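Just so you know, we're using my numbering here: the sequence shown kicks off at 259 and counts up by one. All residues carry an ideal CB built from backbone N, CA and C; glycine is no exception. All values reported here derive from a predicted model rather than from experimental measurement.
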Amino acid sequence: MRRINGRKRLLRNRVDYGLINYEFDIFSLEIFLFRNEVALDAYLKILKTMKNLVYTLVVVFSLPLHSQWITVQGENYHNHQAFFQFTIDPYTNNLWIVDFYDATVFKPDGTFTTFGENELGQRWGSDRLNFGFTPGHTFYTKQLAGLYLFDNYQKQLLYTDNNFKKIYYDGDTLFIDRSNDNLLKYTLGMGAANTNIAGSQVSSKNGSLYVDIGSYAYYENGAYTVLSSDPFYIWGPTDVMEFDNESDTIYLGFINGISKFHNGIGYDTITPNNTTNMSSPNVLEIEFDKDNNLWVAFGDANDDFFAIGKLEGDNWSEVYTAANSPIDFDEFYGFEFDTLGNIWVSSGKDLHTLENSNSPGWLSNEEFTISVPRISVYPNPVKDILNIQLPAHVQKAEVLISDVNGKVVKKQTINSQEVVQIDIDRLEKGIYILNIVGEENQWKEKVIKK
Numbered sequence: 259m260r261r262i263n264g265r266k267r268l269l270r271n272r273v274d275y276g277l278i279n280y281e282f283d284i285f286s287l288e289i290f291l292f293r294n295e296v297a298l299d300a301y302l303k304i305l306k307t308m309k310n311l312v313y314t315l316v317v318v319f320s321l322p323l324h325s326q327w328i329t330v331q332g333e334n335y336h337n338h339q340a341f342f343q344f345t346i347d348p349y350t351n352n353l354w355i356v357d358f359y360d361a362t363v364f365k366p367d368g369t370f371t372t373f374g375e376n377e378l379g380q381r382w383g384s385d386r387l388n389f390g391f392t393p394g395h396t397f398y399t400k401q402l403a404g405l406y407l408f409d410n411y412q413k414q415l416l417y418t419d420n421n422f423k424k425i426y427y428d429g430d431t432l433f434i435d436r437s438n439d440n441l442l443k444y445t446l447g448m449g450a451a452n453t454n455i456a457g458s459q460v461s462s463k464n465g466s467l468y469v470d471i472g473s474y475a476y477y478e479n480g481a482y483t484v485l486s487s488d489p490f491y492i493w494g495p496t497d498v499m500e501f502d503n504e505s506d507t508i509y510l511g512f513i514n515g516i517s518k519f520h521n522g523i524g525y526d527t528i529t530p531n532n533t534t535n536m537s538s539p540n541v542l543e544i545e546f547d548k549d550n551n552l553w554v555a556f557g558d559a560n561d562d563f564f565a566i567g568k569l570e571g572d573n574w575s576e577v578y579t580a581a582n583s584p585i586d587f588d589e590f591y592g593f594e595f596d597t598l599g600n601i602w603v604s605s606g607k608d609l610h611t612l613e614n615s616n617s618p619g620w621l622s623n624e625e626f627t628i629s630v631p632r633i634s635v636y637p638n639p640v641k642d643i644l645n646i647q648l649p650a651h652v653q654k655a656e657v658l659i660s661d662v663n664g665k666v667v668k669k670q671t672i673n674s675q676e677v678v679q680i681d682i683d684r685l686e687k688g689i690y691i692l693n694i695v696g697e698e699n700q701w702k703e704k705v706i707k708k
């Protein structure tokens, strides 16, 4: 779930924390080794003899070599942004892209339909669309009109209201947030029921319900339990709440990390203090893939998105930024996973997904998609000669090698698609950042000099 209060969040009673630059936290172990040649030599021997460990580290250091982003160009399809909502129907895997006046649905076979006022009804300048799903049914709200059923893409007004904001769902039950009233509970075939539940965000699973009332709260038997007194509550809520796929544990987002709660009781946290390579403590979206791995969209001190990352164990093993992905974080509208495990990222008018064995076949249509070209960098770790090969159709690129402090220690221009050898024999042992900048693409790698 992504926070929805615009590009910037309004934080109630927000405390200003001194935020640390975590850009090089991933190198904490490596920096120590860099300063200790004996430890570094031992470390490199371990890398050589433990193939599984080598593979894990290569994923961290050279992820673009193992994963390829595919971009679905929105201008060739729906030609509008997901400014109000980007979501996936968990029962059909249909992707929904919702803007001011239009909504587009992509089916798993790649066919798409864009709906406007003819299908969704007249909308005013301050109106807002939002979609939600139950098994076999599609719903949407128009903020100034009410709740509609949209089965077979035919609208049917179910409930009239002029203050609807967002639909949340749990099984066959909808919870609808209203701007000046309590939540409305709606079940198809049974109708609507007013509640005494207030809050700007809602997350419900198997009847376990959490709300954001300025502080996160657990709702049970008609009453709230405010969670802020729990020792695992971090403070600085970011309006982000998401249940994992395999239990009733909810993950609560904060400007300083994540708290984990079950039945209203906290039991763990996820922060830069107990995980490695966490891009930022500011958590602006939480999602889970089909294997129940945690993924997060990170924000900076100004609540602007700048990275997404995957947590495996206590290590953020995959981190994507503008440097190693095609994602435009200046126009980031969220990311989702379908039930096959494909990640879908919405930015600008485009959709981005990582190619894998479960990727839908229609993505091979080069007329509508762009594959981010791959580079080849080897060996890694490297002793003296680093081999670099540009991808096809990339004729020229500039190579910049920087130390962990950001100082450029070697610079070279590549004008060939053949394998080019970069002599780094004179560089000291340690960790370096390799930046390769082409006319249309940029790649970033982490290289060990042994």
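When Asp547, Lys548, Ile566, Asp549 are compared, the shortest CA-CA separation from Phe556 is found for Ile566. Taking 8 Å as the cut-off, the beta carbon of Val541 is found no closer than this to the beta carbon of Asn638. Taken through DSSP and simplified to helix, strand or coil, Asp683 comes out as coil.
Secondary structure of Trp553 (DSSP, three-state): strand. Pairing Ser437 with Thr392, the inter-Cα distance amounts to about 23 Å. Residue pairing by DSSP puts Ala451 in a beta bridge opposite Lys443.
Segment contact: the region 516-528 against the region 487-496, three or more CB-CB distances shorter than 8 Å; contact assigned. Excluding residues up to 5 positions away in sequence, Leu407, Asp409, Leu446 lie with their Cβ nearer than 7 Å to the Cβ of His395 in the same chain. For Asn376, there is no enclosing beta strand (DSSP E); the enclosing alpha helix (DSSP H) covers residues 375-378. Of all C-beta pairs linking the region 531-547 to the region 497-512, three or more are shorter than 8 Å, placing the two stretches in contact. Every beta strand (DSSP E) of 3 residues or more that sits fully in the region 473-560 is shown, in chain order, as 474-478, 481-484, 495-501, 507-512, 515-520, 523-528, 540-546, 552-557. In the three-state DSSP reduction, Gly332 falls in the helix class (H, G or I). Around the beta-carbon of Trp701, 16 or more other beta-carbon atoms lie within 10 Å, marking it buried.
By the neighbour-count criterion, in which 16 or more other beta carbons inside 10 Å mark a residue as buried, Asn388 falls on the buried side. In the displayed model, Ser617 falls within coil according to three-state DSSP, outside both helix and strand. Around the CB of His651, fewer than 16 other CB atoms lie within 10 Å, so the residue is classed as exposed. Between Ala481 and Thr453, the alpha-carbon positions lie close to 11 Å from each other.
The C-beta distance from Asp470 to Asp497 rounds to 5 Å, short enough to meet the 8 Å contact threshold.
With 16 or more other Cβ atoms from the protein chains shown falling within 10 Å of its own Cβ, Asn535 counts as buried. In the displayed model, Phe587 falls within a helix according to three-state DSSP. CA-CA distance, Ser660 to Ala581, rounds to 15 Å. The C-beta of Tyr411 has fewer than 16 other C-beta atoms within 10 Å across all chains shown, which makes the residue exposed. Here Leu598 is exposed, its C-beta having fewer than 16 other C-beta atoms within 10 Å.
Between Ile328 and Glu576, the gap from beta carbon to beta carbon reaches 8 Å or more. A straight line joining the alpha-carbon of Phe587 with that of Ser605 spans about 7 Å. Its Cα nearest to that of Ser537, the residue Asn573 stands out among Asn573, Ser674, Ala451.
With fewer than 16 neighbouring CB atoms inside 10 Å of its own CB, Gln414 falls in the exposed class. Per the coordinates, the alpha-carbon of Tyr426 lies some 25 Å from the alpha-carbon of His610. The beta-bridge partner set that DSSP reports for Trp602 consists of Glu594. Only residues of its own chain outside the window of five on either side were considered, and among them Leu353, Glu594, Asp596 have a CB closer than 6 Å to the CB of Ile346, listed in chain order.
In the three-state scheme derived from DSSP, where H, G and I count as helix and E and B as strand, Asp608 is classed as strand.
Counting of Cβ neighbours within 10 angstroms places Ile643 among the exposed residues, the total staying below 16. Distance between Thr533 and Thr579, taken at the CA atoms: about 19 Å. For the 8 Å CB-CB criterion, Leu405 and Tyr444 form a contact.
About 6 Å separates the beta carbon of Pro618 from that of Pro366, a gap short enough to meet the 8 Å contact definition.
By the criterion of a C-beta distance shorter than 6 Å, Ser634 is surrounded in its chain by Gln647, once the five residues flanking it on both sides are discounted.
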